[in-house]
Structure formats: C-alpha cells, structure tokens
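Residue numbering for the sequence shown follows full-length UniProt numbering, beginning at 1 and increasing consecutively. Heads up, the beta-carbon is just placed ideally off N, CA and C, and yes, glycines get one too. Heads up, the thing below is written out as structure tokens.
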Amino acid sequence: MRLEIAVLEGDGIGPEVMAPTLALLETLAPEAGVEFAFRALPAGAGCYRDTGEALPEASLDAARAADAILLSAMGLPDVRYPDGTEISPQIALRMAFGLFAGVRPVRTIPGAPGPLAGAPALDFVIIRESTEGLFASHGRGVVEADRARETLEITRATSEKLFDAGFAMARRRRELGRGRGLVHCVDKANVFKAFAFFRAIFRERAALNPDVAAETAYVDATALWMVQRPAMFDVIVTENMFGDILSDLGAGLMGGLGVAPSADIGEAQAVFQPCHGSAPDIAGKGVANPCAMILSAAMMLDWLGERRGHAGLCAAAARLERAVDAALADPAARTADLGGRATTAQAAAAVAAALTAQP
Ligand code: ATP
Ligand code: MG
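As structure tokens, then:
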C-alpha cells in the first residue's frame, strides 16, 4: 500500500525533530507493508514572513488530499499577524478539516522526570473537543470599554461525534490491553447549562455504547484526581478549554513537552503533532527532544492501520512506541529536557537502534 503523508515541518525545532522521524518511518515501511510518499508543504511563521501566507491554499489542498498529516511546530516570536496575534495555522487546519477530536495520551515514559516518579505507571488518554466550546468565538470575542465577552458553544452534532470517538478509543485500548473500557465525561455541569447539555448527550451516547463503562466528573475534581489518583482514568472526553488545560497537566505528569505526542482527528483527515511548540530558545542547536514527534508518528501509524484494517501498520506503531521507551531507559539517550546530554541526533539514533534490536 502506498501512503501519501503531508509533512508540515514548520518553524524553530520543527524541521530538527521531523527529519529523524521521517527516517524512522522509512525504516518501518517494509515491515509495515507500506510505502510512504512524504510531501513537504510550506506553512508556518517562516512561510508567512516569506510569502505573506501562513497556510497557502496549495498546502491546505495537498494536506486535505493526503492520507495523513504530520506537523511538527509552527510559530516564531518575532513574526506575527498585523493585529499582533501569533501565527498558528494549526487552528486553521483544525477548522478547515473539522478536526474535532484532540487526542492527548498521558503515558509514563521511562526516565522522564515527572513529578510522579516512583508512582505506578500512567496510561490514559484525554480527548479534547477542538472546534467549539470556549474557543467558539476564537478571535471574535467582544471587547467594550468596561466589559468583554466570549462565547461558549456546545453543539449536539459535535458532542455526539466526540463521545463516540471516546467510546471507540476505550474499546480499542481494551483490545490492546491498555485500558479497561471506561470513559469519563469531564465538565462543569453543576454550574453551566451548556455543560449540563453536554453531559446529557454523553449519557445518551453511553446508552448506545453499553459495552463501555461511562462516568462523569467535574473538571476541578479531575485536575485533583489526575495528580492524586490518575490510575482511575482510562479515556477522558472533555470540552475544548478544559481539555487544553488538562492536557498540559497531563504533559507535566508524563515528564514534559519533549515526550508528549498528540493527534487532531476529524472524519476524513487527521493531523499528528507533538504537544510542544517551536521552542525558539533551543532552535538551531540540535538538542531538541525528538521523542514527542516520533510518538506522534506512532499514533499516525496506528490511526492509518485501524482505518484501513492494515494490521502491519498497527504493529509498526506499537514497535515504534516500544523503541522510544527502550531507548529512553538508557540515560545516554536522554536530551536536556529529560536531564540528559544527548543531542537530537543521538536520541533518534538510540530509537533507531532499539527498533533494530527488538525481536
Ligand atoms: P506554543 O505557543 O507554540 O505552544 P510555547 O511557547 O508554549 O509554544 P514551546 O515552544 O513548546 O512553548 O516551548 C516551551 C519550553 O519547552 C521551551 O523552553 C522549550 O525549549 C521547551 N521544549 C519544547 N519542546 C521541546 C523539545 N522537543 N525538546 C526539548 N525542549 C523542548
Ligand atoms: Mg504553548
């Protein structure tokens, strides 16, 4: 099978973490039973500076037509839109392709210096609704002389898709032996009518997915429990802003941005990208941790494999994830964000070696 992958390497450390990731995918292609055609597409702050467009129409069209989209990081501190806002074509992509499900795994990485070091390993997933909620008025909030307003919008259609994605994810994790088939709807239904609506739709979808356990929780309590008893979670589905905040908390728990992958999934397209930004403070030094990008690529392989019923891709995804774990178990493979001294190239080489060493 030939798969066309749109590659948006963007700005800052983006190209530095993308290159070794593509090399690993090439290594995996034969055993996965696929051929990758990588198509580099211009986008980001550098592209905006050079062409006046952060996400050229041609890039958007090519990304739409690709089988999957890999994105590393976009944005530069000194390049902004005329109104002063950050250049973030990620949001444009999310809206253009209706990428409503932001998947953020929270998984303990060996050797990552998380605050829960020594505690039992974590393995749960947050799915953040990514197109509405408290971001519904994104960029269109109203500011008057003495008050400002933003809109919270929850729609039935998107909520149903979000919850169904949560139940499907819980089922998949149970199949893989990673979860017990449990979805938590996280909201603030005790205070806001919009969240009571959200929760009511969750209950409806739960009734249609009786093979998966369904629970509800308030977002404030969830923040506490993610730290105090994270093992209670399997799949969390939540509103956009709550998911934004909880997934950064999750990245903190698992050892930082350098190891936190993500996926933004819609009905037809999906974008796989690390949770981190372009890290201008370390760009060009060759010391960025490539693992978040590599783990995002592993999520892409699994998504492609599942969608196409191609077991070889799912197996390759699991192998790549295991190779990252095996590599990072050795302190010599850890970059500075993990307390080590490895360069990007050394960390990536360790992952490649671990991949070869696997049975
Ligand atoms: P954005 O607004 O795009 O999310 P940001 O300003 O929040 O970006 P990042 O660019 O993610 O932040 O950087 C935050 C900090 O984390 C920086 O100090 C950066 O060097 C560090 N960092 C981010 N990604 C990595 C990585 N892959 N390896 C090592 N350090 C990283
Ligand atoms: Mg940020």
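Cβ neighbours of T343 in the same chain (closer than 8 Å, five flanking residues each side left out)
Within the same chain, T343 has close Cβ partners G286, V287, T335.
What does the alpha-carbon distance come out to for the pair A231 and T222?
Going from the Cα of A231 to the Cα of T222 covers about 12 Å.
With E57 as the anchor, note down where its alpha helix (DSSP H) starts and where it stops.
That run of the alpha helix (DSSP H) goes 57-65.
Buried or exposed: Q228, going by 16 or more other Cβ atoms within 10 Å of its Cβ?
Looking at its Cβ environment, which holds fewer than 16 other Cβ atoms inside 10 Å, Q228 is exposed.
Mark R173 as exposed unless 16 or more other C-beta atoms lie within 10 angstroms of its C-beta, in which case mark it buried.
Its Cβ being crowded by 16 or more others within 10 Å, R173 is buried.
CA-to-CA distance, A117 to S262, given in whole angstroms:
Roughly 22 Å between the two C-alpha positions.
Return the Cβ separation of L338 and A112 in integer angstroms, given the expectation that the two are a contact with Cβ distance under 8 Å.
With a beta-carbon spacing of about 6 Å, L338 and A112 fall inside the 8 Å limit used to define contacts.
For A317 and M300, I'd like the C-alpha separation in whole angstroms.
One C-alpha to the other measures close to 8 Å.
Quick check: A213 and P105, are their CB atoms within less than 9 Å of each other?
Cβ distance not < 9 Å, so A213 and P105 don't count as in contact.
Chain D within 9 Å of F38, Cβ atoms only:
Judged by its chain identifiers, the structure shown contains no chain D, having just a single protein chain.
Measuring from the CB of I126, is there a heavy atom of the ligand ATP at a distance below 8 Å?
For the ligand ATP, not one heavy atom lies less than 8 Å from the Cβ of I126.
Taking the CB atoms as reference points, tell me whether H184 and I236 lie closer together than 9 Å.
Yes, they are a contact pair.
Would you check whether the ligand ATP has a heavy atom nearer than 8 Å to the C-beta of D281?
Yes.
Residue environment, E31, which counts as buried when at least 16 other CB atoms sit within 10 Å:
E31 is exposed by the Cβ-count criterion.
Would the region 310-329 count as touching the region 51-58 if we require 3 or more Cβ pairs under 8 Å?
Counting Cβ pairs under 8 Å, fewer than three are found: no touch.
Answer yes or no: do D123 and G181 have a C-beta to C-beta separation smaller than 9 Å?
No, the pair does not count as a contact, with Cβ atoms beyond the cut-off.
Per DSSP, cross-strand counterpart(s) of L3
L3 is bridged to F36.
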